[in-house]
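Asks: Residue numbers (my numbering), protein chains in the order written: chain D, 24 to 215; chain W, 24 to 215.
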DNA sequence: CGAAAATCGTTAGGAGCCTAACTTTCAGCT
DNA sequence: AGCTGAAAGTTAGGCTCCTAACGATTTTCG
């Protein structure tokens, strides 16, 4: 599951040396870049381990989370009239999760096989399906989420409240910059 | 290639609300956690796009980088006696890259098919192979690395020099904490 | 109304990574 | 020497994700 190849990152001095050969190499930028990918990878791996131990994959967990967010307006005193608050159909789930519809089909297949969700026909549009958490799926989340949240708290416990704020701020800047560089949706914006 | 499912992160207030149901949910920890994974994902996706545009995958690029690090003691005035400085064999490469030997076999297969590397028999141990960059592989790196470094500089250009330092420091703390949580290698250290 | 375009979910095939089992070769003991 | 165990690289099979193409249904519009 790791994204960043390189078990041990090159040391700063190595980067400086390499920068002599490649003038485009900015040592401190590269260092921050590598650490970012590396840290995220490690945190991700931790999460992966936990998920695997509970017999579920990242993709499937993501789907369950989305369904849970969709079908959970019951904490307050909101009447459960219809609750059309989140993604329900495979296409919506795929969009929210950032995967293709084809991938979502596979994820739902497995989740349905394991009894965590069910597919129901949409009465108003026969092309569509509605995906719903089963009791078993809800029970799984009720059991697993506290464990998950404890791990998140444990890992991020390395930072103080203000450090977390700083981190989020710095990451936000990087995200913005990355979005600028990325010709994600409309590439015909600035640089032709 | 994205790791983090969830296109749009839940807002802070949603986290706070969910924390009412799950006392283990630490809103600011979860926020930092999500931003970390999300930012790394975006940066990674950017890199992926660039790599794909040049017809190479992450795994293969990682191998090339490792080989390049291995076979590059020639910048200084180090005699090129033998240069036993980095990973050369598939097993060493797998270890350095953090993948299994089986995976490395596949990566080298493709790299060799594309003419970027060659496998040579180790004269002293007939079990081993030595993997070497070809001229074509070196040319590829010479052409691609400047582009890559420019992108890294571009993305991390969002941060000032001191902000980069802060980021690296905070990420380091998280890494340490993650390492504590992870029963990676020796699980029989503290918590039995 | 009825053909064209769009949207839904699915299938087929590929890439990258994994684990588990194998063959070949080397190293250590008795 | 000869056997046992370890290590190198590979193969086989599985998982998750992708893109591309498909039939089924709905919407759009001449």
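Positions of the beta carbon are idealized from the N, C-alpha and C atoms, including for glycine.
Residues of the segment 174-192 of chain W in Cβ contact with chain D at a cutoff of 8 angstroms, in chain order, please.
Replies: Answer in chain order: 174, 175, 176, 177, 178, 179, 180, 181, 182, 184, 186, 187, 188, 189, 190, 191.
Asks: Within 10 angstroms of its Cβ, does residue 55 of chain D collect 16 or more other Cβ (buried), or is it exposed?
Replies: Flag for residue 55 of chain D reads buried.
Asks: Assign residue 66 of chain D to one of three DSSP states: helix, strand, or coil.
Replies: If DSSP states are grouped into helix, strand and coil, residue 66 of chain D belongs with the helices.
Asks: Tell me the rounded alpha-carbon separation between residue 80 of chain W and residue 166 of chain D.
Replies: C-alpha separation (whole angstroms): 38 angstroms.
Asks: Taking only three categories from DSSP, how would you classify residue 125 of chain W?
Replies: Reduced to three states, the DSSP call for residue 125 of chain W is helix.
Asks: Using a beta-carbon distance below 8 angstroms, is residue 140 of chain D in contact with chain W?
Replies: It does not; no Cβ of chain W falls within 8 angstroms.
Asks: Mapping DSSP to helix, strand and coil, what is residue 61 of chain D?
Replies: Residue state, collapsed to three classes: helix.
Asks: Could you give the residue range of the beta strand (DSSP E) that holds residue 144 of chain W?
Replies: 140-144 is the extent of the beta strand (DSSP E) around residue 144 of chain W.
Asks: Going along the chain, which residues of its own chain have a beta-carbon closer than 7 angstroms to the beta-carbon of residue 178 of chain W, five neighbours each way excluded?
Replies: So the list reads 66, 69, once near-sequence residues are dropped.
Asks: Would you mind listing the beta strand (DSSP E) stretches within the segment 131-182 of chain D that are 3+ residues and don't spill past its ends, in chain order?
Replies: List check, beta strand (DSSP E) in window: 140-144, 152-156.
Asks: Between residue 169 of chain D and chain W, is there a C-beta pair that is closer than 8 angstroms?
Replies: Answer yes: the Cβ-Cβ gap between residue 169 of chain D and chain W drops below 8 angstroms somewhere.
Asks: So, with DSSP's three-state summary, where would you put residue 84 of chain D?
Replies: Helix at residue 84 of chain D.
Asks: What's the C-alpha gap between residue 53 of chain W and residue 37 of chain W?
Replies: Answer to the nearest angstrom: the Cα atoms are 11 angstroms apart.
Asks: Three-state secondary structure (DSSP) at residue 104 of chain W?
Replies: Reliability of the predicted coordinates at residue 104 of chain W is poor, the pLDDT of 41 falling under 50, and the value obtained from them is presented with this limitation in mind. DSSP places residue 104 of chain W in coil when its eight states are reduced to three.
Asks: Touch check for the segment 83-95 of chain W and the segment 115-122 of chain W: three-plus C-beta pairs under 8 angstroms?
Replies: Verdict: yes, contact present.
Asks: Might you give, ordered along the chain, the residues of its own chain that have their beta carbon closer than 8 angstroms to the beta carbon of residue 135 of chain W, omitting 5 neighbours on each side?
Replies: Closer than 8 angstroms at Cβ, skipping near neighbours: 141, 142.
Asks: Since residue 172 of chain W meets chain D, which of its residues come closer than 8 angstroms, beta carbon to beta carbon?
Replies: In chain order: 45, 47, 48, 49, 53.
Asks: 8 angstroms is my cut-off, CB to CB: does residue 75 of chain W come that close to chain D?
Replies: No, because no Cβ of chain D sits closer than 8 angstroms to the Cβ of residue 75 of chain W.
Asks: Taking CB distances under 8 angstroms as the criterion, tell me whether residue 133 of chain W reaches chain D.
Replies: Residue 133 of chain W does not count as touching chain D.
Asks: For the segment 190-200 of chain D against the segment 184-191 of chain W, are there 3 or more C-beta pairs whose distance is under 8 angstroms?
Replies: Yes, since at least three Cβ pairs between the segment 190-200 of chain D and the segment 184-191 of chain W fall closer than 8 angstroms, the two stretches touch.
Asks: According to the neighbour-count rule (16 or more other Cβ atoms, all chains shown, within 10 Å of its Cβ), is residue 49 of chain W buried or exposed?
Replies: It is buried - the Cβ of residue 49 of chain W has at least 16 other Cβ atoms within 10 Å.
Asks: Starting from residue 32 of chain D, trace the alpha helix (DSSP H) both ways and give me its first and last residue.
Replies: First-last for residue 32 of chain D: undefined, no H or E at that position.
Asks: Report the rounded CA-to-CA distance for residue 41 of chain D versus residue 34 of chain D, giving the unit in angstroms.
Replies: Their Cα atoms are separated by approximately 11 angstroms.
Asks: Tell me, please, whether the CB atom of residue 197 of chain W is closer than 8 angstroms to any CB atom in chain D?
Replies: By this cut-off, residue 197 of chain W is an interface position.
Asks: So residue 194 of chain W contacts chain D; which residues on that side make the cut at Cβ distance below 7 angstroms?
Replies: Chain D residues near residue 194 of chain W: 58, 59, 62.
Asks: CA-CA distance, residue 93 of chain W and residue 51 of chain D?
Replies: Taking the straight line joining both Cα atoms gives about 22 angstroms.
Asks: Is residue 46 of chain D helix, strand or coil by DSSP?
Replies: In this structure, residue 46 of chain D counts as coil in the three-state DSSP scheme.
Asks: Compare the Cα-Cα distances from residue 204 of chain D to each of W:72, W:124, W:152 and report the closest residue.
Replies: If we check each option's Cα against that of residue 204 of chain D, W:72 comes out closest.
Asks: DSSP three-state label for residue 94 of chain W, please.
Replies: Residue 94 of chain W falls in the coil class under three-state DSSP.
Asks: Who are the near neighbours of residue 39 of chain W in its chain, counting only those whose CB is closer than 6 angstroms to its CB and skipping five residues on each side?
Replies: Cβ neighbours of residue 39 of chain W beyond the five flanking positions: 50.
Asks: Return the residue from the list W:183, W:180, W:170 that minimises the CA-CA distance to residue 77 of chain W.
Replies: Among W:183, W:180, W:170, the Cα nearest to that of residue 77 of chain W is on W:170.
Asks: Counting only beta-carbon separations shorter than 8 angstroms, does residue 210 of chain D have a partner in chain W?
Replies: In this prediction, residue 210 of chain D scores a pLDDT of 37, lower than 50, which makes its location untrustworthy; no coordinate-derived value is stated.
Asks: What separation, rounded to the nearest whole angstrom, lies between the Cα atoms of residue 82 of chain D and residue 183 of chain D?
Replies: Near 30 angstroms, if we compare the C-alpha coordinates of residue 183 of chain D and residue 82 of chain D.
Asks: How big is the Cα-Cα spacing for residue 138 of chain W and residue 84 of chain W?
Replies: About 14 angstroms.
Asks: Measure the beta-carbon distance from residue 154 of chain W to residue 126 of chain W and round it to whole angstroms, keeping in mind my assumption that it falls under 8 angstroms.
Replies: About 14 angstroms; that fails the 8 angstroms criterion.
Asks: In chain D, which residues lie with their C-beta within 7 angstroms of the C-beta of residue 201 of chain W?
Replies: Those are 65, 66, 69, 178, listed as they occur along chain D.
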